[in-house]
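Engineer: This structure is in structure tokens; I'll ask about it shortly.
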Amino acid sequence: MDVSKRIVIHGAGSVGCYIGGWLAAAGLPVAYLGRSGVQSEIAANGMLLTDQEGRQHRFGPDEVDYQTDPQLLSEATLILVTVKSEGTPNAIAEIQRHAREDVPVVSLQNGVRNVAALRAGLGDARVVAGMVPFNVAHTKAGHWHRGTSGELHVEYGPLLDPYVPWFEKAGLPVVRMADVVGTQWGKLLLNLNNPINALSGLPLRVQLGESGYRQCLALCIEEALQCITEAGIALPADIGLVPPAELITLLRLPDEDYGRQVGQRHKIDEQARSSMWEDLEQGRPTEIEYLSGEIVALAATLGREAPFNAKARALIRAAERGGRRDWTGPELLQQFKDAAGTGADADC
Ligand SMILES: NC(=O)c1ccc[n+]([C@@H]2O[C@H](COP(=O)([O-])OP(=O)(O)OC[C@H]3O[C@@H](n4cnc5c(N)ncnc54)[C@H](OP(=O)(O)O)[C@@H]3O)[C@@H](O)[C@H]2O)c1
């Protein structure tokens, strides 16, 4: 396969600019398909990529090929899909309309539905599942910062083989995954912190350092894990750093013990925040339906409720309408405890 043509990042926001940017820095020809707001930022500021280990790369405005017309897809030899879940149907329609039929399409999105949707729309053979374990924040105009650790996961298969060395060269080593479904659900468990982080209004490191928020997260993960197990979905042995059940125990430790046991192993820098916080900050719809909402939907298929995840969803929906997003840990925990007694989607 000829990797000397064009990698098109479809939906170039935080993840797309960060991953695309490092691939370009490694020497691959990358073009970005995104929105005019980001295009103007880059035209004015260039593109700056930084990470929690002090790595950085700066592109001048003229070095970034950022376009807004989906016709760009016709030039792609590889497409990396980095739109939010809600944007997947549109992305599929654009790929169908503009891209060559043999071009591999890699989903680097969260959630458990995007890969299946891409496969249904574009065919099984060309769609590759990916998973981005780390956090990328859009900290300033033209600046994207990675704030946590973790390695990219990409499904086994020959389509991506020619590109894997380039990812390594770009400082984005790739783990090949055999169990796509389990990995996606495992990542979803970790993403259940996104609404809690967004509702706290705090950087991730501060939020995860406070017991009240961690207990909310433990309730959401425990509930999700029960549903996932009952549904017969097998998870990988470890999600993040530890097995899911061990994670719940760790989250329930007092602050000092948690800091000692987890803080050392899982580095989160000061700037990291969930993308859901960023969505609320920008007045954009969130991915809540594809994260906590997915657990509520799974519970419904099992004939049960998921009151903690339903509460997280209800509070985020309220925040999307302008409601509170500065809950303290104890306040939020009380909301979750009340939800268990009063029913899932109570108005917030
Ligand atoms: N940020 C993170 O730390 C992180 C980490 C791991 C995984 N993820 C996952 O990665 C995915 C992307 O997240 P993100 O944070 O990068 O989102 P993002 O910053 O919102 O970037 C997506 C960009 O794509 C644009 N877009 C949507 N549809 C498009 C289309 N058809 N053509 C061109 N541009 C389009 C969006 O514009 P509009 O807003 O106008 O739609 C937005 O600017 C999500 O599934 C997320 O859960 C994120």
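Just add 1362 to the spot in the sequence shown (first one is 1) and you have our numbering. We treat Cβ as the ideally placed atom computed from N, Cα and C, and that holds for glycine. This one's a predicted model, so the numbers in the text were calculated from it and none came from an experiment.
#1: Can you give me the Cβ contacts of arginine 1481 inside the same chain, cut-off strictly under 8 Å, excluding the 5 residues immediately before and after it?
#2: Taking one C-beta from the region 1368–1377 and one from the region 1436–1447 each time, how about it: are there three or more such pairs within less than 8 Å?
#3: Do glutamate 1585 and asparagine 1452 come within 8 Å of each other at the CB atom, strictly closer than that value?
#4: Going by the CB atoms, is the gap between lysine 1629 and glutamine 1414 shorter than 8 Å?
#5: Can you check which of these residues, Ala1405, Lys1549, Pro1520, is closest to leucine 1514 by C-alpha distance?
#6: Just to check, is the beta-carbon of serine 1637 closer than 7 Å to a non-hydrogen atom of ligand 3?
#7: Quick check on this structure: which residue in Leu1484, Thr1430, Arg1462 has the alpha carbon closest to the alpha carbon of threonine 1450?
#8: With a Cβ-Cβ cutoff of 8 Å, do tryptophan 1384 and glycine 1544 count as a contact?
#9: Report the partner residues of valine 1370 according to the DSSP bridge assignment.
#10: Since serine 1469 is in the beta strand (DSSP E), which residue starts that stretch and which ends it?
#11: For alanine 1702, which residues from the same chain have a beta carbon less than 6 Å from its beta carbon, with the 5 sequence-adjacent residues on both sides left out?
#12: Quick one: what's got a C-beta closer than 6 Å to glutamate 1517's C-beta in the same chain, skipping five residues either side?
#13: Take alanine 1674 as the anchor and find which of Glu1448, Ala1580, Gln1626 has the nearest alpha-carbon.
#14: Leaving out the 5 sequence neighbours to the left and right, which residues in its chain are closer than 8 Å to glutamine 1696 when beta-carbon positions are compared?
#15: Quick one: Cα of valine 1498 to Cα of isoleucine 1590, how far?
#16: Which of the three DSSP states, helix, strand or coil, is assigned to glutamate 1517?
#17: Check whether the Cβ of histidine 1505 lies closer than 7 Å to any heavy atom of ligand 1, and answer yes or no.
#18: Considering only DSSP beta bridges, list what methionine 1539 is partnered with.
#19: Can you tell me the Cα-Cα spacing of alanine 1441 and glycine 1382, whole angstroms?
#20: Using 10 angstroms around the beta-carbon of serine 1402, count the other beta-carbons present and answer buried if the total reaches 16, otherwise exposed.
#21: Would the C-beta of proline 1432 count as close to ligand 1, meaning under 7 Å from any of its heavy atoms?
#22: Can we count leucine 1552 as close to ligand 1, meaning its CB is less than 7 Å from some heavy atom?
#23: At the level of alpha carbons, what is the spacing between methionine 1493 and asparagine 1553?
#24: Going by C-alpha to C-alpha distance, which of Pro1565, Asn1559, Arg1687, Ile1583 sits closest to leucine 1612?
#25: Should the region 1607–1624 be regarded as contacting the region 1571–1578, the criterion being three or more beta carbon pairs within less than 8 Å?
#26: Mind checking whether the beta-carbon of glutamate 1437 lies closer than 7 Å to any heavy atom of ligand 1?
Structural biologist: The relevant details are as follows:
#1: In the sequence shown, the residue the question calls residue 1481 occupies position 119. Result list for arginine 1481: Val1489, in chain order.
#2: yes
#3: Taking the sequence shown and counting its residues from 1, one reaches residue 1452 at position 90. Taking the sequence shown and counting its residues from 1, one reaches residue 1585 at position 223. No, the pair does not count as a contact, with Cβ atoms beyond the cut-off.
#4: Walking along the sequence shown from the start, residue 1414 turns up at place 52. Walking along the sequence shown from the start, residue 1629 turns up at place 267. Yes; because the gap between Cβ atoms is below 8 Å, this pair is in contact.
#5: Here residue 1514 refers to the residue found at position 152 when the sequence shown is read from its first residue. Selected option, being the one with the closest Cα: Lys1549.
#6: For the structure depicted, ligand 3 is absent and the ligand set comprises only ligand 1.
#7: Here residue 1450 is taken as the residue at index 88 of the sequence shown, counted from 1. That would be Leu1484, whose Cα lies nearest to the Cα of threonine 1450.
#8: Residue numbering aside, residue 1384 sits at position 22 when the sequence shown is read from its first letter. Residue numbering aside, residue 1544 sits at position 182 when the sequence shown is read from its first letter. No, the pair does not count as a contact, with Cβ atoms beyond the cut-off.
#9: Stepping through the sequence shown from its first residue, residue 1370 is reached at position 8. Valine 1370 pairs with Ala1393, Ile1441.
#10: By 1-based counting over the sequence shown, the position of residue 1469 is 107. First-last of the beta strand (DSSP E) with serine 1469: 1467–1469.
#11: Numbered from its first residue, the sequence shown carries residue 1702 at position 340. Correct list, in chain order: Pro1669.
#12: As a first step, residue 1517 must be located in the sequence shown, where it is residue number 155. Val1490, Ala1491, Met1539, Val1542.
#13: Against the sequence shown, residue 1674 aligns to sequence position 312. Ranking the options by Cα distance to alanine 1674, first place goes to Ala1580.
#14: For the purposes of this step, residue 1696 is taken as residue 334 along the sequence shown, with counting starting at 1. Excluding positions up to five away in sequence, the list is empty.
#15: Residue mapping note: residue 1498 aligns to position 136 of the sequence shown, counting from 1. Residue mapping note: residue 1590 aligns to position 228 of the sequence shown, counting from 1. For valine 1498 and isoleucine 1590, the distance between alpha carbons rounds to 27 Å.
#16: Taking the sequence shown and counting its residues from 1, one reaches residue 1517 at position 155. It is a strand residue.
#17: Indexing the sequence shown from 1 puts residue 1505 at position 143. Outside the cutoff, so no.
#18: Taking the first residue of the sequence shown as position 1, residue 1539 is located at position 177. Glu1517.
#19: As a position in the sequence shown, residue 1441 is number 79, starting the count at 1. As a position in the sequence shown, residue 1382 is number 20, starting the count at 1. Residue identity check: residue 1441 is isoleucine in the sequence provided, not alanine. Approximately 11 Å between the Cα atoms of the pair.
#20: Indexing the sequence shown from 1 puts residue 1402 at position 40. Counting Cβ neighbours within 10 Å, serine 1402 comes out exposed, since fewer than 16 surround it.
#21: Within the sequence shown, numbered from 1, the residue matching residue 1432 stands at position 70. Yes, since a heavy atom of ligand 1 falls inside the 7 Å radius drawn around the Cβ of proline 1432.
#22: For the purposes of this step, residue 1552 is taken as the residue at position 190 of the sequence shown. Not under cutoff, so the answer is no.
#23: Position 131 of the sequence shown, counted from the start, is the residue given in the question as residue 1493. Position 191 of the sequence shown, counted from the start, is the residue given in the question as residue 1553. If I take the Cα positions, the gap works out to 12 Å.
#24: Here residue 1612 is taken as the residue at index 250 of the sequence shown, counted from 1. Nearest of Pro1565, Asn1559, Arg1687, Ile1583 to leucine 1612, Cα basis: Ile1583.
#25: yes
#26: Locating residue 1437 in the sequence shown gives position 75, where the first residue counts as 1. Checking every heavy atom of ligand 1 against the Cβ of glutamate 1437, none is found closer than 7 Å.
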